[in-house]
Amino acid sequence: MSQNIAELKQEFAAKLAAADSMQTLEEIRVDFLGKKGSVTELLKSMKDMSPEEKKTFGQEVNVLKNELAQAITEKGEELRRAELEREVASMPEFDVSMPADLDRGSFHPITLVQRECETIFKSMGFHVEDYAEIVSDYECFEALNIPKHHPARDMQDTYYLTNGQLLKTHTSAAQNAIYKKYRDDLVNNGVPIKAIFPGRCFRNEATDACHENTFFQMEGVMVDKNISISNLIFFMKTMLSEVFKRDVKVRLRPGFFPFVEPGFELDISCAICGGEGCPSCKHSGWLELCPCGMIHPEVLKAGGIDPEEYTGFAFGLGLTRLAMMRYGVKDIRDLNSGSLKVLSQFKEDK
Ligand code: PHE
Numbered sequence: 237m238s239q240n241i242a243e244l245k246q247e248f249a250a251k252l253a254a255a256d257s258m259q260t261l262e263e264i265r266v267d268f269l270g271k272k273g274s275v276t277e278l279l280k281s282m283k284d285m286s287p288e289e290k291k292t293f294g295q296e297v298n299v300l301k302n303e304l305a306q307a308i309t310e311k312g313e314e315l316r317r318a319e320l321e322r323e324v325a326s327m328p329e330f331d332v333s334m335p336a337d338l339d340r341g342s343f344h345p346i347t348l349v350q351r352e353c354e355t356i357f358k359s360m361g362f363h364v365e366d367y368a369e370i371v372s373d374y375e376c377f378e379a380l381n382i383p384k385h386h387p388a389r390d391m392q393d394t395y396y397l398t399n400g401q402l403l404k405t406h407t408s409a410a411q412n413a414i415y416k417k418y419r420d421d422l423v424n425n426g427v428p429i430k431a432i433f434p435g436r437c438f439r440n441e442a443t444d445a446c447h448e449n450t451f452f453q454m455e456g457v458m459v460d461k462n463i464s465i466s467n468l469i470f471f472m473k474t475m476l477s478e479v480f481k482r483d484v485k486v487r488l489r490p491g492f493f494p495f496v497e498p499g500f501e502l503d504i505s506c507a508i509c510g511g512e513g514c515p516s517c518k519h520s521g522w523l524e525l526c527p528c529g530m531i532h533p534e535v536l537k538a539g540g541i542d543p544e545e546y547t548g549f550a551f552g553l554g555l556t557r558l559a560m561m562r563y564g565v566k567d568i569r570d571l572n573s574g575s576l577k578v579l580s581q582f583k584e585d586k
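When we follow the working numbering, the leftmost residue of the sequence shown carries the number 237, and every step to the right adds one.
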């Protein structure tokens, strides 16, 4: 291996080991792999070499490039995990060891957040729908443009039942039934479909402070003629401003879900730093809150709606995450613990 490559590797390893934020990591990536980065410079230095030398050197640099990219990805995952733990640690405190106050009952924090969202959406003309927890493969996947053996199924580790049904992995599993329920009113009477459907979801996740195999989402859909991304942004912004009791800024980033096209991740401006950047928002000024997008034509078709005539948006709000943010619950497992010590602390919000 050439001297330069060995030196560069050493320098990279030292910098990578010292990196303690995503921002520094990104700087390292640009320094080494960017357009003007050291690796690109190495490639430029090849121009005076003989064809033979070029070949071996070029291969070495390519191997190096892949190695560095891989190391950056791994470090990124490590930093993201650490930042998530810091985020959780910086949340407001509630006391897990307080004695239970059993004089009167109280609502579960997720119920409180759910009801608040329901009130807001009802005031904007949305129906609130309840839906089953055990659903068919068709409802959870096929009707959502995720055929059998599609790699997108890997994103959701599913509990299959022996009778061929499954525990729903996301509230999107109710979309098909909702379209079918309201489609006649849409087509015959011109009534837009506007519905939200909160529900419990299940995924076979290894549990830790941030992951549970059982969690709550709230799905929302709107279908009508000429629905566009601006409608989606308007409804999300209005809802989130009500929930957070302030005017929130939102931004959309591309995100992939087979049942929306285009698909987005919706972020809100960080309340803690006001968008300047802090550990809670991973120094980006934004918090990831809600995947969403324009409903895929195949999904509308499966619901009996002509995508040439109608369009719509869908979103999947993480209710459990919202409740954790709102009430400063650091460990997601407390929410399913059934512990009265924990749960009786939220009663003043009733
Ligand atoms: N169902 C998706 C999930 O749980 C979220 C989603 C809902 C994305 C609606 C886009 C539109 O991962």
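For glycine and all other residues, C-beta sits at the position ideal for the given N, C-alpha and C.
Should Arg489 go down as buried or exposed, given a rule of 16 or more other Cβ atoms within 10 Å for buried?
exposed
Straight-line CA distance for Pro335 to Arg389?
43 Å
Once you ignore the five residues that flank Ile308 on each side, which residues in its own chain have a CB closer than 6 Å to its CB?
Arg265
What's the gap between the Cα of Met237 and the Cα of Lys272?
Confidence at Met237 is low in this model, with a pLDDT of 48, below 50, so the placement of that residue should be treated as unreliable; the coordinate-derived value is given next. For Met237 and Lys272, the distance between alpha carbons rounds to 22 Å.
So, with DSSP's three-state summary, where would you put Met530?
Three-state DSSP puts Met530 in a strand.
With a threshold of 7 Å (Cβ to nearest heavy atom), would Pro527 be considered close to the ligand PHE?
yes
His406 classed as buried or exposed, judged by whether at least 16 other C-beta atoms fall within 10 angstroms:
buried
Once the 5 residues before and after Cys526 are set aside, which same chain residues still bring their CB inside 6 Å of it?
Taking C-beta separations shorter than 6 Å and ignoring five residues to either side along the sequence, the partners of Cys526 in its chain run Leu502, Phe551, Leu553, following chain order.
Can you grab the Cα-Cα spacing for the pair Gln259 / Glu314, in whole Å?
14 Å
From Leu579, Leu348, Glu524, pick the residue whose C-alpha is nearest to that of Val484; which is it?
Looking from the CA of Val484, the closest CA among Leu579, Leu348, Glu524 belongs to Glu524.
How would you write the range of the beta strand (DSSP E) that Ile429 sits in, first residue to last?
429-438
Enumerate in chain order the residues of its own chain whose CB-to-CB distance from Leu320 is below 8 Å, with the five nearest sequence positions on each side excluded.
Cys446
Going by the C-beta, is Ser464 closer than 7 Å to any heavy atom of the ligand GTP?
The ligand GTP is absent from the structure shown, which contains only the ligand PHE.
Quick one: what does DSSP say Thr309 is sitting in, helix, strand or coil?
DSSP, read as helix, strand or coil, puts Thr309 in helix.
Using the Cα positions of Lys537 and Tyr418, report the straight-line distance between them to the nearest angstrom.
C-alpha separation (whole angstroms): 14 Å.
Using C-beta distances below 8 Å, list every residue in its chain close to Val275, excluding the 5 sequence neighbours before and after it, in chain order.
Leu244, Phe268, Leu269, Val297, Leu300, Lys301, Leu304
Taking the DSSP output, what are the residues bridged to Thr450?
Phe438
Neighbourhood of Ala255 by C-beta, 8 Å cutoff - its chain only, sequence neighbours within 5 removed:
Contacts found: Leu261, Ile264, Lys311, Leu315.
In angstroms with no decimal places, state the Cα-to-Cα distance between Asn399 and Val486.
43 Å
Between the beta-carbon of Phe480 and the beta-carbon of Gly491, is there less than 8 Å?
no
Just checking, does the region 340-359 make contact with the region 459-468 on the three C-beta pairs under 8 Å criterion?
Not touching, per the Cβ criterion.
Counting along the chain, where does the beta strand (DSSP E) carrying Ile469 start and finish?
First-last for Ile469: 465-480, but that is the alpha helix (DSSP H), not the beta strand (DSSP E).
Any chance you could list the alpha helix (DSSP H) runs of at least 4 consecutive residues sitting entirely within the region 247-296, in chain order?
Segments of the alpha helix (DSSP H) lying fully in the region 247-296: 258-269, 274-280.
Between Tyr396 and Pro383, what straight-line distance do the alpha-carbon atoms span, to the nearest angstrom?
16 Å
Spatially closest choice to Asn467 from Gly529, Gln453, Phe582, Glu369, by CA coordinates:
Gly529
Run the proximity test for Gly312: is its beta-carbon closer than 7 Å to any non-hydrogen atom belonging to the ligand PHE?
For the ligand PHE, not one heavy atom lies less than 7 Å from the Cβ of Gly312.
Taking only the alpha-carbon atoms, compute the straight-line gap between Val565 and Ile469 and give it to the nearest angstrom.
28 Å
With 16 other CB atoms within 10 Å as the buried threshold, where does Tyr374 fall?
exposed
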